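Protein sequence lines correspond, in order, to chains A and B.
Everything in the first sequence is counted per my numbering, starting at 2 for the first residue and increasing by one.
Everything in the second sequence is counted per my numbering, starting at 2 for the first residue and increasing by one.
Glycine is no exception: its CB is placed at the ideal position from the N, C-alpha and C atoms.
These numbers were taken from a predicted model, which means no experiment stands behind them.
2 protein chains.
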Amino acid sequence: MNIPQTSFPRIVIVGGGFAGLAAARALENQELQVVLIDKHNYHTFQPLLYQVATGGLEPDSIAFPLRKRFNDVENFYFRLAEVTKVNSEENLLETTIGSLEYDELIIATGSTTNFFGNKSIEKYAMEMKSVPQALNIRSLVLENFEEALLETNLEKRLALMNFVIVGGGPTGVELAGALAEMKKGILPKDYPDLDIRQMKINLIQSSGELLKGMSNGASQKAEDFLIKLGVDVWKNLRVLNYDGETVTTNGEDHFKTATVIWAAGVKGDTIDGLTTECTVERANRFKVDRFSKVEGYENIYAVGDVACMKTEKYEYGHPMMAQPAIQQGRLMGKNLVAKYTGKKQKSFEYNDKGSMATIGRNKAVVDLPKWKFQGVFAWFVWMFVHLFSLIGFRNKVIVFMNWVYNYIRFDRETRLIIRPYKKKNKFSFASDE
Amino acid sequence: MNIPQTSFPRIVIVGGGFAGLAAARALENQELQVVLIDKHNYHTFQPLLYQVATGGLEPDSIAFPLRKRFNDVENFYFRLAEVTKVNSEENLLETTIGSLEYDELIIATGSTTNFFGNKSIEKYAMEMKSVPQALNIRSLVLENFEEALLETNLEKRLALMNFVIVGGGPTGVELAGALAEMKKGILPKDYPDLDIRQMKINLIQSSGELLKGMSNGASQKAEDFLIKLGVDVWKNLRVLNYDGETVTTNGEDHFKTATVIWAAGVKGDTIDGLTTECTVERANRFKVDRFSKVEGYENIYAVGDVACMKTEKYEYGHPMMAQPAIQQGRLMGKNLVAKYTGKKQKSFEYNDKGSMATIGRNKAVVDLPKWKFQGVFAWFVWMFVHLFSLIGFRNKVIVFMNWVYNYIRFDRETRLIIRPYKKKNKFSFASDE
């Protein structure tokens, strides 16, 4: 892989998401060689992907070039590659661009969509874990309306304008809200010759409440907001299948639709080669101790979504979100610095700063440890926190300008089909470009 | 195609570029039905494509959703489709989404890259006439450096860092300049473990001067600027072939390169079905009269790049640029309004407002009818004119913010490989994602 051998110990980090980035930052300018490997050359700010998918933000504003992040860092190497396997006996990482020896290996590969083994849903439903996937959703939504315009068969037209979002977590809620705002403010203007009232947005949640893990107040208010925006919220309903045409459920309700967005679960995006005993059944994450060390290994660590660190409070591991990932990554880096400078390592304790979700214009819910609130102020807090967390000054400015523009003009202007999505569902007709 | 039949005459415009858009605007809110057809759902501001290709701007900031442009216009219809054929005897336009009758047909299909029949160049070279193509160049350039980093064979590494731009018109000059600025300011920081001095940027022009059509002063100054930025300018050199590995020329110089960007010519992107006599050999444009009427037809018009309107001053038709397209489109619309309101139609006279090109930071050349100047002030004029010409307030703001940021920070931050370019050249190795 063409990385120079030095006298410094080599720390290899796989993944430039929240956890990997935080670890790399904490390892900066030490007597250590740091190699960061990612299959993309950019960091993705996943919490705003849904705005890319719904035409509110350009993809480039929520992505940040990984090389730039480390421009001024000594002994740092970035490599664009996919990791294929860990050979832990020889301390060797195998990748698409050759293998690399490591002294310490930090796995921060994050998570991927969990279809729970359903191949048909996997084939036909859309997912939203990466920028290209969000862009695919953006293209598909717009293509649907272009097609609905031409469709004379009512049943097919309704299916093209029927959107089913499976999963009532933050992703599902935020996406449903954003689609509802498009329905309200933008689509009737863009498609005056189409009856946009026929558009349906269904949010299906298998349990009895949205935003599980947040307070009851937040959960209830989010539901109220969604209903007010015209979203059909289905609770206690489990999706059984989607065959590219119909969503079947365990209830009496079925949905004929051209678009299913699957936000019902994620699972750890683990790396091959580690003994299976160390991976936890639930959500496919690596079982780690309080120092993020993967069970059964001495110099292999996992942080972020891919790690399952069981504690008294989090018996199934921490929530697969940005905050635990950032905190685990940062401590991981600090602990390795401590290890090589002979200092004491600290065990991880999650500092839950709270969680929040936005539903639409002036509508958000925020749970802070000591204060829970919803509505306009929550919405401003949500915006401030997300703007502040974005990496890069340019990105902050561009996102801010877009938000101000969208707010004042009731608009979302990046509704461009830059690369058409090649449909797999059964409502497609000649849409090749 | 599901367009209502009304008592109003139906004007069909093919293409939402500069010419088509100007025509549609001029036809607004008249007793006419206007149908605009484009294969993209957005207008592309082509003069800034090179900045998308070199990481200076996000694609969404130079594209504008066509539907939004006509949100408040009565009797206006947009359809996303590709036109396959004109059936002029039945006044019927055939498209990928069905056929459509027209009373008046305006062809504003623009131009496409002209490879002058060389299939090998067409297969291996990059072109830059659309947003996806510009994004492909952006991905390829970055992928090349990621690969160069790994390449131990010196000859191959040099080829990966060797860029050949064919064509010394505005596109070639601006692209060469932008690449040279990347070489200077960005790549050495992003790739500290690569010797960026080995990067070469070659601009090959078949004639004896760059920016043909501009003044001698502009042409000479542009060349000076490029040389100062480290571009190798080759004049009076004609490219004969590129086989994915080596560019051969009619001179002694050959270029081993992984990247050829073909900016050596465009040709009209004509529509099938019109008798061949009406298309002009040179550049494949439709021969039109001073009222943009295609020779041999009564209700078919061509405007912009695809039209060849011969005048005393422009014996081969007007230059294939934004200005003539906008002016022809606007007059076309006005003339149709005149026709249907019984007013007199005007014959086209091109008002040449001048031309300009930017080479890099503080470096541009401007030819106004009565004033020709180069340097810092020209650069500000260039920026002001382009910002002002961009469609959409949001786009203007975003582009402006990006330019300010890039200027102050000597940076271009959108260097993201969002969708990897699948290489066709012979230097590719496993880069599939």
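* **Contacts of residue 406/B in chain A (Cβ-Cβ under 8 Å)** => Translated into positions along the second sequence, residue 406/B becomes position 405. The answer, in chain order, is 394, 395, 398.
* Asked: Thinking just about the alpha-carbon of each residue, which of 9/B, 8/B, 30/B, 3/B is nearest to the one in residue 335/B?
  -> Start at 1 with the first residue of the second sequence, and residue 335/B comes out as number 334. For residue 335/B, the nearest C-alpha among the options comes from 30/B.
* Asked: Which word fits residue 293/A, buried or exposed, when buried means at least 16 other C-beta atoms lie within 10 angstroms of its C-beta?
  -> Along the first sequence, one-based indexing puts residue 293/A at 292. Per the 10 Å Cβ criterion, buried.
* Determine, using beta carbons only, whether residue 20/B comes closer than 7 Å to chain A. => Taking the second sequence and counting its residues from 1, one reaches residue 20/B at position 19. At a cut-off of 7 Å between C-beta atoms, residue 20/B does not count as an interface residue with respect to chain A.
* To do: Would you mind telling me which residues of chain A sit closer than 9 Å to residue 69/B, beta carbon to beta carbon, in chain order?
  => Working through the second sequence from its first residue, we reach residue 69/B at position 68. 187, 190, 191, 412, 414, 416, listed in chain order.
* Taking the beta strand (DSSP E) that residue 34/A falls in, what are its first and last residues? -> Residue numbering aside, residue 34/A sits at position 33 when the first sequence is read from its first letter. Taken as a continuous stretch (DSSP letters only), the beta strand (DSSP E) holding residue 34/A covers 34–39.
* With 16 other Cβ atoms within 10 Å as the buried cut-off, status of residue 287/B -> Position 286 of the second sequence holds residue 287/B. Residue 287/B should be labelled buried.
* Go ahead and pull the three-state DSSP assignment for residue 390/B. => Taking the second sequence and counting its residues from 1, one reaches residue 390/B at position 389. Residue state, collapsed to three classes: helix.
* **Unbroken beta strand (DSSP E) run spanning residue 12/B, endpoints** => Within the second sequence, the letter at position 11 stands for residue 12/B. Taken as a continuous stretch (DSSP letters only), the beta strand (DSSP E) holding residue 12/B covers 11–15.
* Closest by CA to residue 171/A, which one among 210/A, 193/A, 189/A? -> For the purposes of this step, residue 171/A is identified with residue 170 of the first sequence, where counting begins at 1. The shortest Cα separation from residue 171/A among 210/A, 193/A, 189/A belongs to 210/A.
* Since residue 233/B is in the beta strand (DSSP E), which residue starts that stretch and which ends it? -> Translated into the one-based positions of the second sequence, residue 233/B becomes position 232. Where residue 233/B is concerned, the enclosing beta strand (DSSP E) stretches over 233–235.
* To do: Spatial neighbours of residue 33/A within its chain, please: CB distance less than 6 Å, with the 5 preceding and 5 following residues excluded, ordered by chain position.
  => Indexing the first sequence from 1 puts residue 33/A at position 32. The residues are 9, 10, 12.
* To do: Taking residue 42/A as the reference, give the member of 54/A, 36/A, 25/A, 65/A with the closest Cα.
  => The residue labelled residue 42/A in the question sits at position 41 within the first sequence. Out of 54/A, 36/A, 25/A, 65/A, 65/A has the C-alpha closest to the C-alpha of residue 42/A.
* Could you check what DSSP says for residue 270/A in three-state terms: helix, strand or coil? => Residue numbering aside, residue 270/A sits at position 269 when the first sequence is read from its first letter. In the structure shown, residue 270/A sits in coil (DSSP, three-state: anything other than H, G, I, E or B).
* Listed by chain order, chain A residues near residue 150/B by CB distance under 8 Å -> Taking the first residue of the second sequence as position 1, residue 150/B is located at position 149. 3, 80, listed in chain order.
* Just grab the DSSP bridge partners of residue 97/A for me. => Here the question's residue 97/A lines up with position 96 in the first sequence. According to DSSP, residue 97/A bridges with 99/A.
* What residues in its chain sit with their C-beta under 6 Å from that of residue 207/B, if we drop five residues either side in the sequence? -> On the second sequence, residue 207/B is found 206 positions in, with the first residue counted as 1. Its chain contains 239 as the residues whose beta carbon lies nearer than 6 Å to that of residue 207/B, once the 5 sequence neighbours on both sides are disregarded; these appear in chain order.
* To do: Return yes when the Cβ of residue 361/B is within less than 7 Å of the Cβ of residue 169/B, no when it is not.
  => Reading the second sequence from its first residue, position 168 is the one you call residue 169/B. Reading the second sequence from its first residue, position 360 is the one you call residue 361/B. Not closer than 7 Å, so no.
* **Cα-Cα separation, residue 327/A to residue 251/A** => As a first step, residue 327/A must be located in the first sequence, where it is residue number 326. As a first step, residue 251/A must be located in the first sequence, where it is residue number 250. When rounded, the separation of the alpha-carbon atoms in residue 327/A and residue 251/A is 38 Å.
* DSSP three-state call for residue 337/B: helix, strand or coil? -> Position 336 of the second sequence, counting from 1, holds the residue named residue 337/B. Residue state, collapsed to three classes: helix.
* To do: Excluding the 5 residues preceding and the 5 following residue 71/B in the sequence, name in chain order all residues of the same chain whose CB lies nearer than 6 Å to its CB.
  => Your numbering for residue 71/B matches position 70 in the second sequence. So the list reads 77, once near-sequence residues are dropped.
* Measure from the C-beta of residue 38/A to each C-beta in chain B and report whether the shortest distance is under 7 Å. => One-based indexing of the first sequence puts residue 38/A at position 37. Residue contact with chain B for residue 38/A: absent (no Cβ-Cβ distance below 7 Å to any residue of chain B).
* Asked: With a Cβ-Cβ cutoff of 7 Å, do residue 368/B and residue 219/B count as a contact?
  -> If you number the second sequence from 1, residue 368/B lands on position 367. If you number the second sequence from 1, residue 219/B lands on position 218. Yes; because the gap between Cβ atoms is below 7 Å, this pair is in contact.
* Kindly list, in the order they appear in chain B, the residues whose Cβ is closer than 8 Å to that of residue 42/A. => One-based indexing of the first sequence puts residue 42/A at position 41. The contacting residues are 143, 147, 416, 417, 418.
* Could you give the distance in angstroms between the alpha-carbon of residue 416/B and the alpha-carbon of residue 52/B? -> Counting from 1 along the second sequence, the entry for residue 416/B is found at position 415. Counting from 1 along the second sequence, the entry for residue 52/B is found at position 51. Near 11 Å, if we compare the C-alpha coordinates of residue 52/B and residue 416/B.
* Evaluate the contact criterion for the segment 350–365 of chain B versus the segment 375–387 of chain B: three or more CB pairs, one atom per stretch, below 8 Å. => Put simply, the segment 350–365 of chain B touches the segment 375–387 of chain B. At least three CB pairs are less than 8 Å apart.
* From residue 431/B to residue 97/A, what distance separates their C-alpha atoms? -> By 1-based counting over the second sequence, the position of residue 431/B is 430. By 1-based counting over the first sequence, the position of residue 97/A is 96. Low confidence applies here, because residue 431/B scores a pLDDT of 37, under 50, leaving its location unreliable; read the following figure in that light. Cα atoms of residue 431/B and residue 97/A: separation of roughly 7 Å, rounded to the nearest angstrom.
* With DSSP collapsed to three states, give me the class of residue 259/B. => Along the second sequence, read from residue 1 onward, the residue named residue 259/B stands at position 258. Coil at residue 259/B, not helix or strand.
* My understanding is that residue 142/A touches residue 260/A, with C-beta atoms under 8 Å, so please give their C-beta distance in whole angstroms. => Mapped onto the first sequence, residue 142/A falls at position 141. Mapped onto the first sequence, residue 260/A falls at position 259. With 8 Å as the limit, residue 142/A and residue 260/A qualify as a contact, their Cβ atoms being about 7 Å apart.
* Asked: Comparing the C-beta of residue 133/B with each C-beta of chain A, is any distance below 7 Å?
  -> Within the second sequence, numbered from 1, the residue matching residue 133/B stands at position 132. Interface criterion met: the Cβ of residue 133/B is under 7 Å from a Cβ in chain A.
* Asked: Quick one: any contact between the segment 259–279 of chain B and the segment 290–308 of chain B, if contact means 3 or more CB pairs under 8 Å?
  -> Counting Cβ pairs under 8 Å, three or more are found: they touch.
* Asked: Is residue 81/A helix, strand or coil by DSSP?
  -> Within the first sequence, numbered from 1, the residue matching residue 81/A stands at position 80. Correct three-state label for residue 81/A: strand.
* Asked: Taking C-beta to C-beta, are residue 25/A and residue 35/A nearer than 7 Å?
  -> If you number the first sequence from 1, residue 25/A lands on position 24. If you number the first sequence from 1, residue 35/A lands on position 34. Against a cut-off of 7 Å, the Cβ pair of residue 35/A and residue 25/A comes out as a contact.
* To do: State the start and end residues of the unbroken beta strand (DSSP E) segment that holds residue 105/A.
  => Here residue 105/A corresponds to residue number 104 of the first sequence, with the count starting at 1. It spans 105–108 - the beta strand (DSSP E) in which residue 105/A sits, taken as one unbroken run.
* Grab the span of the beta strand (DSSP E) containing residue 368/B for me, first residue to last. => Numbered from 1 along the second sequence, position 367 holds the residue referred to as residue 368/B. Looking at the DSSP string, the run of the beta strand (DSSP E) that includes residue 368/B is 364–368.
* Closer than 7 Å, CB to CB, is residue 61/B near chain A or not? -> The count along the second sequence starts at 1 and reaches residue 61/B at position 60. Chain A, which has a Cβ nearer than 7 Å to the Cβ of residue 61/B, makes this yes.
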